[in-house]
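These notes are about the structure you will find just below.
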Amino acid sequence: MNNIILTLLFLFGTSFSFAQKSDSVRIAYDYVYFNPQKAIEMANRIIKTSENKDDQITARLIKTNAYSSLDDTYNALKYAFETYDYVKKEKDTFNEARILGRIGELFQLYGFNTQSRYYLEKSENLILSKEFSEEKRPMYLGNIYGIKGNGYKDDLDCDFALKYYDKSIKSYKSRELNQSTLNNLALVYIEKSNCLIDKSILDSATLYLDEAFFVIKKNNLKEYDQSAKTSLARIYQAKKDYTYSNQLLKEVLKEIKASEPISVNLYVYRILAQNAFYQQDYIAYKKYIDYIKKINLQLEKSNQEAKEKSLNFLLYKDQGFWYNLSFFKLPLVLLLVIIFLLFLKNSRNQNFLNLKSIFRNNKG
Numbered sequence: 088m089n090n091i092i093l094t095l096l097f098l099f100g101t102s103f104s105f106a107q108k109s110d111s112v113r114i115a116y117d118y119v120y121f122n123p124q125k126a127i128e129m130a131n132r133i134i135k136t137s138e139n140k141d142d143q144i145t146a147r148l149i150k151t152n153a154y155s156s157l158d159d160t161y162n163a164l165k166y167a168f169e170t171y172d173y174v175k176k177e178k179d180t181f182n183e184a185r186i187l188g189r190i191g192e193l194f195q196l197y198g199f200n201t202q203s204r205y206y207l208e209k210s211e212n213l214i215l216s217k218e219f220s221e222e223k224r225p226m227y228l229g230n231i232y233g234i235k236g237n238g239y240k241d242d243l244d245c246d247f248a249l250k251y252y253d254k255s256i257k258s259y260k261s262r263e264l265n266q267s268t269l270n271n272l273a274l275v276y277i278e279k280s281n282c283l284i285d286k287s288i289l290d291s292a293t294l295y296l297d298e299a300f301f302v303i304k305k306n307n308l309k310e311y312d313q314s315a316k317t318s319l320a321r322i323y324q325a326k327k328d329y330t331y332s333n334q335l336l337k338e339v340l341k342e343i344k345a346s347e348p349i350s351v352n353l354y355v356y357r358i359l360a361q362n363a364f365y366q367q368d369y370i371a372y373k374k375y376i377d378y379i380k381k382i383n384l385q386l387e388k389s390n391q392e393a394k395e396k397s398l399n400f401l402l403y404k405d406q407g408f409w410y411n412l413s414f415f416k417l418p419l420v421l422l423l424v425i426i427f428l429l430f431l432k433n434s435r436n437q438n439f440l441n442l443k444s445i446f447r448n449n450k451g
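Per our numbering: the sequence shown = residues 88 to 451.
Given below as structure tokens:
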């Protein structure tokens, strides 16, 4: 479930100006998760034919998100950085911050937390700069804090994550909430409730889920509803109401589309297996464990492929760095090394002379 939350945070961040965009951009965006290959084809046509800067940026982001949907991590990162290079040339602080956030989010999804924090930090600094729109700052800062919270929850612990969730909520609420901000706020409420469930603070977790459900029903957010129901099922599990917990989880399984990541099914089946164990229903327990084993095998393979593609991209980027270094910076580096070696040699000679002087003095 967490991966869905992470991905959606910045996708909704990109949709704020769709009312101003062409129909082709809007349609391509809608295809991202239902038919990602079609989205890529449409985005390529937009890049070739449109002279509108915003269309160019959004089309490139559509390619990034579509490749991410296809689990093609190499191309997802490649086109994210291509988009970043494009906005850097345009000297567009707003979109630069937005895309740095997306890059940080992608690295987090692929398990590269050091790289993720580096790009999220760069995005945050730009959002806080005077060049960034004050009107849009609360939403984008809230996005960054929400993504950081998710990263720390997965990598460290919930105490640290909760601080970022609180910062995210505070940032979102500092201005009048539009629909995109409200949707993102609901996602952070769900993730904060998950942390509170982990810490057995069930009353507070329920309150945040209630807030999330209010937004979900108001804006008809089906994917969010699945996440919130799964969290609610965890609360009922903690309260030992396994029957209602199972009921919620089975509703989620019915609602999950074939296009959803299999990790979503895994998360749900794990809770169902725990419930079956607590109920001493060992036939159901074995059934769910078998599902989990099967899904784990698929996930291990896809995760390994995703890691390899991500590493290949990082190696590709490093090759570019060394190529530039060899042509432009290597002479300077060699000069510095030579100066250092000469300094070292002189230092050793000086030390040797000092030692000789000491021996002479001792002799005398």
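All C-beta atoms in this analysis are idealised placements derived from N, C-alpha and C, irrespective of residue type, glycine included.
Using the rule of at least 16 other Cβ atoms within 10 Å of the residue's Cβ for burial, across every protein chain shown, is residue i buried or exposed?
i      : result
Phe301 : exposed
Thr268 : buried
Thr145 : buried
Ser210 : buried
Gln385 : exposed
Asn212 : exposed
Thr201 : exposed
Gln367 : exposed
Glu221 : exposed
Leu215 : exposed
Arg447 : Because the pLDDT at Arg447 is just 41, under 50, the model does not fix this residue reliably, and the value given afterwards should be weighed accordingly. Flag for Arg447 reads exposed.
Asn281 : buried
Ser261 : exposed
Ile358 : buried
Gly407 : The predicted model places Gly407 with a pLDDT of 48, which falls under 50 and marks its position as unreliable; any figure quoted below should be read in that light. Looking at its Cβ environment, which holds fewer than 16 other Cβ atoms inside 10 Å, Gly407 is exposed.
Ser287 : exposed
Trp409 : Confidence at Trp409 is low in this model, with a pLDDT of 42, below 50, so the placement of that residue should be treated as unreliable; the coordinate-derived value is given next. By the neighbour-count rule (16 or more Cβ atoms within 10 Å), Trp409 is not buried but exposed.
Leu243 : exposed
Glu387 : exposed
Gln481 : The first residue shown for the chain is 88 and the last is 451, placing residue 481 beyond what the model contains.
Leu340 : exposed
Tyr365 : exposed
Glu183 : buried
Ile303 : buried
Glu310 : buried
Ile186 : buried
Leu330 : A quick correction: the sequence has Thr, not Leu, at residue 330. Answer is exposed; the Cβ neighbour count stays below 16.
Asn411 : Only weak support exists for where Asn411 lies, its pLDDT of 45 falling under 50; the coordinates are left without a value.
Asn383 : exposed
Ile234 : buried
Phe199 : buried
Glu192 : buried
Asn265 : exposed
Lys217 : exposed
Asn306 : exposed
Pro123 : buried
Lys279 : buried
Contact defined as beta carbons within less than 8 Å: I believe residue i pairs with residue j. What is the distance between those atoms, to the nearest angstrom?
i      : j      : result
Ile379 : Tyr356 : 5 Å
Phe194 : Lys223 : Actually they do not touch by this definition, with Cβ atoms about 23 Å apart.
Tyr295 : Leu283 : 7 Å
Lys458 : Leu289 : Because the chain is modelled from 88 through 451, residue 458 falls outside the range shown and cannot be assessed.
Gln334 : Asn362 : About 10 Å separates the two Cβ atoms, so there is no contact after all.
Ile149 : Tyr197 : In fact, because the Cβ distance is near 19 Å, the residues do not count as touching under 8 Å.
Leu336 : Ala320 : 5 Å
Ile133 : Asp142 : 6 Å
Tyr369 : Ala360 : Not really, about 11 Å apart at Cβ, beyond 8 Å.
Ile190 : Tyr166 : 11 Å between Cβ atoms; not a contact.
Gly229 : Tyr259 : 4 Å
Ile231 : Leu207 : 6 Å
Ile322 : Ala299 : 12 Å between Cβ atoms; not a contact.
Arg147 : Tyr173 : 6 Å
Asp297 : Cys245 : Going by Cβ atoms, the distance from Asp297 to Cys245 rounds to 20 Å, so no, they are not a contact pair.
Tyr251 : Gly188 : Contact flag wrong, Cβ pair sits at about 14 Å.
Worksheet item: Quick one: any contact between the stretch 254-261 and the stretch 275-287, if contact means 3 or more CB pairs under 8 Å?
Response: yes
Worksheet item: Enumerated in chain order, which unbroken segments of the beta strand (DSSP E) with a length of 3 residues or greater are wholly contained in the stretch 284-346?
Response: none
Worksheet item: Can you find at least 3 beta carbon pairs, one from the stretch 126-134 and one from the stretch 151-169, that sit closer than 8 Å?
Response: yes
Discussion item. Quick check on the DSSP output: what are the complete alpha helix (DSSP H) runs of length 4 or more inside the stretch 229-278, in order along the chain?
Written reply: Qualifying alpha helix (DSSP H) stretches, in chain order: 245-260.
Worksheet item: Is the stretch 137-144 touching the stretch 157-169, taking contact as three or more C-beta pairs under 8 Å?
Response: Output reads no: the stretch 157-169 does not touch the stretch 137-144.
Discussion item. Which complete alpha helix (DSSP H) runs does the stretch 160-199 hold, if anything under 4 residues is left out?
Written reply: Correct list: 160-177 and 180-196.
Worksheet entry | Length-filtered (4 minimum) alpha helix (DSSP H) runs lying within the stretch 108-157 | Counting only runs of 4 or more, we get 110-118, 123-136 and 140-156.
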